[in-house]
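All letters in the sequence shown, in the order written, are residues 172 to 759 by my numbering.
Report on one structure; see the data block that follows.
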Amino acid sequence: MGTLTRPAIAFVNPSVGFSDRRKSKPIGLAYIMAYLEKSGFPSSGFDFGDSEDDAVELAAHYGLDRFDVVGFSVYNESFRAAIAMAEWIKNRRPECLIVLGGPHATAVHEHILRRYSCVDVVVRREGEEAMLDLVRGLGADADGGVDDRVGLTGIKGTTWRAPDGAGLLVNEDRDFVPDLDQIPFPDAEFTSHSGYPDLTYYDEVQGRLKAALTICSSRSCPYNCSFCGVLTIGRKYRSREAERVVAELLHFRARHGVNYEHVYFSDANFFVSPTRALEVAEALYEADPQVTFSFGTRVNQILKAAEVLPRLKECGLRFIELGIESASEPVLERLAKHVKPEVNVAAVRLLKRLGIEISLDFIMLDPATTLPDVRANLEFLREAGFYDYVPHDHLYTALVLYEGTPIRDFYARRFGVVFDPDDLPSPFTLFELPEVQRFSDTLRAFRKRWQDRIDDALAQGELALASMADGSDGSDGSDGSDGSDGSGGLDGSEGSGLSRESHARLQLDVVSLRHAPNLFMERLLEDAEAGFPRLDQVGGAGGGLDALLPRLGHDHVHLHDLIERTEAAAREAGFAQAPGAAAPHGRD
């Protein structure tokens, strides 16, 4: 037996094919890297998740062929980029062990190994323990080198191509990690040519911007939503102790030298156990009363544990990412939510009554959507008070059919097709009804033409109004009033460069901009229900779209004019900002 060696290991988060402005470190890979590091196997991380560059060029630029083991975490969107990188590495370094893991690899592990000779092994479900067994096996015999793998092919939770080429070796599933508190904090660094923006949260209660940290305090979810990729990894829910959650916050404060004061819980379902959720909240509050937090959960859990919510708010709960998904009962049935539309309404009303902000998870369209389904969604958004909700992403969402989910199988049977396991079909090309297809196409055209301009104008207008309200315009309130509204003046306009009339108009224009996409969508739906007479009347590129634009503001102006007027008012107030900057309305 030779001496123990440590293979050179890399973990890669491949590109999903577009830039994501909300980019954060891939926490799943970070956990695996930290787990290996604890056992004496350091690794290098590469995060290309938001890159639009060619996958092979990225692999070459960062020298991914210099490693003995390269592991890819893959989703449907990133699978082809991962394969392109893997093929390039294999061609240059055939002895490199290529490992795929993650939801997509778990779902189609046998298909991957049959179709792609560049992939050596798939690690199914959770990756920490299986990856440790792999790298230990590779380093066990220095004389054997990394090409001596016969003893590795029996590792639980892995799928291999048989050494003799005759079929596959699908090993038994590995038990889930029972005690998440034994896994080290995800303290791993990644090389990324785009970097990571500072994660922040604007706390409207305390009136200041806070440095924020993402923490995962549990794994999986016990529910069976038909569209959720969590099902691929497994439904066994496990959670961490409150003390370890606090310890992670304090660890990264010290590690990064940043006083993190807001925690975004990235759990698939933080509120599975309200008792444990309260323990975590109270532990955070005891450690630092300035810390606020947010999490995601289901509507029915909100109602079942309503008595816990006031105490959570006292401990710093600011908003809940609420999985509403749809206001249409047929759609909710297809999604296997097992709730009625009235449950959605009741949960929203409860949170609004308690003053807890809602972050909206919504699926506006799915392949079988009808116009009445869309009507139900729009009526819900209006009646539940989401007309002022930003960002407007929820208006444009469509169901994605991820590999391994029941909803993908449902639509494969419904359409009588076999989806290629390598492909993620565009959700905007699968609509059964032509009127829904045209509705979606027109809505996407509006988004492409107007949404970025609306976002930029809103950001500038809201920044100007927020700055006036908190007195950062330099006004000391010495206008003959006592400044008792806390705004530096009677209405916040003193010292801002805006007259009271202009300030009031800016407020109205900002509200109108918030409403603009909703109003357009309502007009589009009315036209669709009538057979698209207005869309057809004008015709031409962009002409039909213009016919549906609502007139906005107190004087009912064109959307273009409203945008320009808002931006001009922000400039006049001295608070214009660069396009694309975040507005101070809460979550960034």
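For glycine and all other residues, C-beta sits at the position ideal for the given N, C-alpha and C.
The structure presented is a predicted model; accordingly, all values stated were derived computationally and were not measured.
Residue i burial status per 10 Å Cβ neighbour count (16 or more: buried)
i	result
Glu432	buried
Ser652	With a pLDDT of only 37 at Ser652, under the threshold of 50, the placement of this residue in the model should not be trusted, and no figure is reported.
Leu474	exposed
Ile198	exposed
Val470	buried
Asn689	buried
Glu457	exposed
Gln377	exposed
Gln708	exposed
Arg524	exposed
Gly336	exposed
Pro445	buried
Asp318	Note that Asp318 scores 49 on pLDDT, short of 50, meaning its location in the model is unreliable; the coordinates nonetheless yield the value given after this. So Asp318 ends up on the exposed side.
Gly660	Here the model assigns Gly660 a pLDDT of 38, short of 50, so the residue's position is not dependable, and the following value carries that caveat. Classification of Gly660: buried, given that the 10 Å Cβ count is 16 or more.
Tyr573	buried
Ala452	buried
Lys261	buried
Lys381	buried
Leu305	buried
His725	exposed
Ala740	buried
Met172	Legend: pLDDT at Met172 = 37, less than 50; position of this residue unreliable, no value from coordinates given.
Tyr567	buried
Asn765	It is not possible to answer for residue 765, since the shown part of the chain is limited to 172 through 759.
Proximity of residue i and residue j at Cβ, strictly below 8 angstroms
i	j	result
Glu419	Ile354	no
Pro185	Ala226	yes
Ala205	Phe356	yes
Leu677	Asp698	no
Ala744	Ala635	yes
Asp350	Arg426	no
Arg345	Ala276	no
Val443	Cys392	yes
Val545	Leu706	no
Thr541	Val588	no
Leu570	Asp537	yes
Phe250	Ala181	no
Residue i - containing alpha helix (DSSP H), residue span
i	result
Val241	Per DSSP, Val241 belongs to no alpha helix (DSSP H); it is in the beta strand (DSSP E), Val240 to Ser244.
Glu492	Run containing Glu492: none in the alpha helix (DSSP H); it sits in the beta strand (DSSP E), Leu488 to Glu496.
Gly308	Glu299 to Leu309
Thr329	That residue, Thr329, is in no alpha helix (DSSP H); its beta strand (DSSP E) goes Thr329 to Arg332.
His186	With the sequence shown as reference, residue 186 is identified as Ser, and His is not the correct amino acid for it. That residue, Ser186, is in no alpha helix (DSSP H); it is neither H nor E in DSSP.
Asp612	Pro605 to Phe617
Tyr582	Pro577 to Phe586
Thr403	Val401 to Ile404
Span of the beta strand (DSSP E), counted from its first residue to its last, around residue i
i	result
His433	His433 to Phe436
Ala382	Arg379 to Ile386
Thr737	That residue, Thr737, is in no beta strand (DSSP E); its alpha helix (DSSP H) goes Leu730 to Ala744.
Val292	Val292 to Val294
Asn777	It is not possible to answer for residue 777, since the shown part of the chain is limited to 172 through 759.
Phe466	Thr463 to Arg469
Glu528	Glu528 to Phe533
Leu271	Leu268 to Gly272
Asp218	Ser215 to Asp218
Ala369	The displayed chain sequence assigns Asp, not Ala, to residue 369. Asp369 -> no beta strand (DSSP E), and no H or E assigned at all.
Rounded Cβ spacing between residue i and residue j (contact assumed at less than 8 angstroms)
i	j	result
Pro598	Gly400	Their Cβ separation, rounded to whole angstroms, is 14 angstroms, which puts Pro598 and Gly400 out of contact at 8 angstroms.
Cys267	Val294	Between Val294 and Cys267 the Cβ distance is about 16 angstroms, and since that is not below 8 angstroms, they are no contact.
Ile491	Asp532	No, Ile491 and Asp532 are not in contact; Cβ-Cβ is about 10 angstroms, not under 8 angstroms.
Gly632	Val681	4 angstroms
Leu303	Pro178	Not a contact, Cβ separation roughly 12 angstroms.
Gly145	Leu402	Only positions 172 to 759 of the chain appear in the structure, and residue 145 is not among them; the question remains open.
Arg489	Glu450	Not a contact, Cβ separation roughly 18 angstroms.
Reference residue i, options the options, closest by Cα
i	options	result
Arg390	Arg505, Asp438 and Ala425	Asp438
Pro512	Leu480, Leu595, Leu549 and Leu483	Leu549
Ser530	Ala616, Arg415, His563 and Val728	His563
Gly405	Leu380, His674, Gly328 and Leu370	Gly328
Ser638	Glu375, His282 and Phe347	Glu375
Ala383	Ser195, Gly188 and Ser611	Ser195
Pro265	Pro445, Leu235 and Thr600	Leu235
Leu521	Ala477, Pro704 and Leu207	Ala477
His422	Thr385, Gly325 and Glu700	Thr385
Arg579	Glu606, Ala539 and His731	Ala539
Ala507	Pro596, Pro577, Gln622 and Phe602	Pro577
His565	Arg615, Ile527 and Ala201	Arg615
Tyr408	Leu488, His727, Tyr394 and Glu672	Tyr394
Trp621	Phe238, Leu716, Tyr367 and Ser670	Leu716
Gly211	Arg307, His280, Ala454 and Cys396	Arg307
Ser397	Val479, Glu504 and Ala201	Glu504
Leu493	Phe557, Pro460, Glu485 and Pro543	Phe557
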